[in-house]
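Residue numbering for the sequence shown is 9 to 460, as defined by the working numbering.
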Amino acid sequence: MRCVGRVAAFALICALVVQIITFRTLGETLTHPKSFLIYRANMTNGSSGGENYLLRDEPKNCRRKCIHYQSKILYAEPTDGGLEDRIRVINALSNLAAFLCAELYLKPPSDLLQPYHNANERLGGALKWSDFLQATHIGQSKSPMYELHTQASSSFESESTNHSGLHIITTEWWKGNEDFKKIHNASFMNNTFLWEIRLSWWDMVAKYKGVGLNNLGNIIDDIIPKQQSFSKEEYISMLPTESKFPSLVIQAGEAFLADVSYGCTYIKLDYSSTIKLMQRHLEDEIRRQYTHQDDYNNLLGLLHLRRGDTTQICDTSLEKVRSYLNCSLGRVEVHGDVTLVMTSDEKDVNYRNDIMGLVGEFGHLTIIDGDNITQGIIDDALKIGHIRKSMVNGFVEFAVEGALRSPESELVDFRLTRRRGHCPQCDPAVYQALDPTTTYRFRGDQLHMTPV
9 MRCVGRVAAF ALICALVVQI ITFRTLGETL THPKSFLIYR ANMTNGSSGG
59 ENYLLRDEPK NCRRKCIHYQ SKILYAEPTD GGLEDRIRVI NALSNLAAFL
109 CAELYLKPPS DLLQPYHNAN ERLGGALKWS DFLQATHIGQ SKSPMYELHT
159 QASSSFESES TNHSGLHIIT TEWWKGNEDF KKIHNASFMN NTFLWEIRLS
209 WWDMVAKYKG VGLNNLGNII DDIIPKQQSF SKEEYISMLP TESKFPSLVI
259 QAGEAFLADV SYGCTYIKLD YSSTIKLMQR HLEDEIRRQY THQDDYNNLL
309 GLLHLRRGDT TQICDTSLEK VRSYLNCSLG RVEVHGDVTL VMTSDEKDVN
359 YRNDIMGLVG EFGHLTIIDG DNITQGIIDD ALKIGHIRKS MVNGFVEFAV
409 EGALRSPESE LVDFRLTRRR GHCPQCDPAV YQALDPTTTY RFRGDQLHMT
459 PV
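Right, here's the structure in full:
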């Protein structure tokens, strides 16, 4: 019996090896009998909302060609959130709308942004999403700007009443799958539609896999347009970039299962020109206050402490921040001085002063109050008439400081962050900045190094 077991196990292993070898000869993307796609290419890691996946190189000329943009998606979520969360939602929705040849209409920032992040004050109704963001329609050379329409809730009712084509209202997450199929089919038949989404986008994509942009692999065979001669791979290449499919990945001689992000980028979302101008002023002022020495070991970093609604999730008390900085920076003194730009939604002066006072415990550390600089820039912009008074708020401050949080920033060498979703005891970011040729990780307070 033991011999028979060994023979069976060996046969199974051989079968798997043959199957993997067969997969490797099939080409770049082919259909697997179990609805897996086979993908072999260079990929990078990505993440969204806590999910990890692989990013495929974007195909050239992959965007769907639209005859018109007369259809509308109205996003009337009943809840609110922070600006970073809203940007992620708008990015997903605008790309979905562009793929469906539709325009996107949003409730105003006063409805969709949470007062908690603005000293418990709700924004004025005069603010539009264009005050914060601008959207560029990639591949549309004649009219590259994709308008993010801001529409009051009362106007949504008027749209619902006057629309004569297909009209679908999604209010329950479990209806999202079928509603998306109907909207999708109307779009590919060049029929106009009005789709009202009256629930949280995250409820749609998280509670029911297979809706919108999240894991369309569950319904892909049902939505490929039958009246058009698309192959499965051609159709998938047109989907928005956040569409993820379970795939058999063959990379560097190894085969493994993973979610792969396929498709195209239709809309590039960025901060508005007004926000960008203030971001440049912020960077200039930080450069003025911080003189970067010729010695490359003198580093400038960002310290972002999220307080407010996350203090129960991520401890940012003075003692915890002291421990965090001591662990993350305590052993880099021999490499040179470190300057941190502190940003936080905390308005308590005593707390902020206590954090700034930690510099006395580190001989090689300087802390700059980034929020004070940002507030001064916004106040100056108001005085010269560059912005309206309604733009003097916590969300605009957060947006301006986005220049420091961006991984594309050439000013900031590293970032230390304590917030929801990222609350480590130690952070190796400063070591990584000092030596990019080595991968650094903390296990507890022990630093581990791996050559790249």
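Ideal Cβ positions, reconstructed from N, Cα and C, are used throughout, including at glycine.
No experiment lies behind these values; they were computed from the predicted model shown.
Reduced DSSP category for residue i - H, G, I as helix; E, B as strand; rest coil
{"i": "Ile392", "result": "coil"}
{"i": "Tyr77", "result": "coil"}
{"i": "Ser352", "result": "strand"}
{"i": "Met197", "result": "coil"}
{"i": "Phe422", "result": "strand"}
{"i": "Leu121", "result": "strand"}
{"i": "Ala272", "result": "The sequence shown places Cys at residue 272, not Ala. If DSSP states are grouped into helix, strand and coil, Cys272 belongs with the strands."}
{"i": "Thr446", "result": "strand"}
{"i": "Tyr154", "result": "coil"}
{"i": "Asp139", "result": "helix"}
{"i": "His346", "result": "Before going further, note that residue 346 is Val rather than His in the sequence given. Reduced to three states, the DSSP call for Val346 is strand."}
{"i": "Glu111", "result": "strand"}
{"i": "Thr458", "result": "strand"}
{"i": "Ser325", "result": "coil"}
{"i": "Leu412", "result": "helix"}
{"i": "Glu204", "result": "strand"}
{"i": "Gly384", "result": "helix"}
{"i": "Thr318", "result": "helix"}
{"i": "Asn305", "result": "With a pLDDT of only 48 at Asn305, under the threshold of 50, the placement of this residue in the model should not be trusted; the figure read from the coordinates follows. Coil, per DSSP."}
{"i": "Arg330", "result": "helix"}
{"i": "Leu131", "result": "coil"}
{"i": "Asp278", "result": "strand"}
Check whether residue i and residue j have beta carbons under 7 Å apart
{"i": "Ala407", "j": "Phe422", "result": "no"}
{"i": "Ile275", "j": "Ser414", "result": "no"}
{"i": "Asp377", "j": "Met350", "result": "yes"}
{"i": "Arg330", "j": "Leu308", "result": "no"}
{"i": "Asp88", "j": "Leu135", "result": "no"}
{"i": "Leu82", "j": "Glu204", "result": "yes"}
{"i": "Leu419", "j": "Glu291", "result": "yes"}
{"i": "Leu326", "j": "Asp362", "result": "yes"}
{"i": "Ile385", "j": "His312", "result": "no"}
{"i": "Asn198", "j": "Ile75", "result": "yes"}
{"i": "Glu409", "j": "Thr382", "result": "yes"}
{"i": "Arg426", "j": "Thr273", "result": "no"}
{"i": "Leu141", "j": "Leu277", "result": "yes"}
{"i": "Ile321", "j": "Arg396", "result": "no"}
Top-ranked residue by Cα proximity to residue i, from the options
{"i": "Thr178", "options": "Ala84, Ala100, Gly368", "result": "Ala84"}
{"i": "Asp230", "options": "Thr319, Asn193, Thr324", "result": "Asn193"}
{"i": "Ile176", "options": "Thr158, Ser79, Asp353, Lys284", "result": "Ser79"}
{"i": "Thr144", "options": "Lys190, Ser280, Ile385", "result": "Ser280"}
{"i": "Leu114", "options": "Asn128, Gly133, Tyr298", "result": "Gly133"}
{"i": "Trp137", "options": "Ile146, Asn126, His125, Asp119", "result": "Asp119"}
{"i": "Glu405", "options": "Leu202, Gln122, Ile283, Asn69", "result": "Ile283"}
{"i": "Ala100", "options": "Tyr359, Trp209, Thr374", "result": "Trp209"}
{"i": "Ala411", "options": "Pro86, Ile81, Cys74, Glu92", "result": "Glu92"}
{"i": "Leu174", "options": "Leu202, Leu156, Lys189", "result": "Leu202"}
{"i": "Lys355", "options": "Pro444, Arg396, Asp387, Arg315", "result": "Arg315"}
{"i": "Ser195", "options": "Ala110, Phe238, Gly147", "result": "Ala110"}
{"i": "Ile191", "options": "Pro233, Tyr154, His157, Leu207", "result": "Pro233"}
{"i": "Arg4", "options": "Tyr77, Phe107, Leu390, Ala389", "result": "Shown here, the chain extends from 9 to 460; a query on residue 4 therefore has no answer."}
{"i": "Lys183", "options": "Ser336, Ala160, Leu207", "result": "Leu207"}
{"i": "Cys335", "options": "Asn126, Thr347, Cys434, Asn185", "result": "Cys434"}
{"i": "Pro116", "options": "Ile98, Asn185, Thr445, Pro444", "result": "Ile98"}
{"i": "Met153", "options": "Gly371, Leu112, Lys328", "result": "Leu112"}
{"i": "His125", "options": "Gln440, Gly402, Tyr448", "result": "Gly402"}
{"i": "Arg96", "options": "Val213, Trp181, Gly147, Ala441", "result": "Val213"}
Span of the alpha helix (DSSP H) around residue i
{"i": "Gln297", "result": "281–297"}
{"i": "Arg360", "result": "357–364"}
{"i": "Ser245", "result": "240–246"}
Residue i - containing beta strand (DSSP E), residue span
{"i": "Ile98", "result": "Not the beta strand (DSSP E): Ile98 falls in the alpha helix (DSSP H), residues 91–107."}
{"i": "Ile176", "result": "174–178"}
{"i": "Asp377", "result": "373–377"}
Any non-hydrogen atom of the ligand HEM within 6 Å of residue i CB
{"i": "Leu326", "result": "With respect to small molecules bound, the structure shown includes none, and the ligand HEM cannot be examined in it."}
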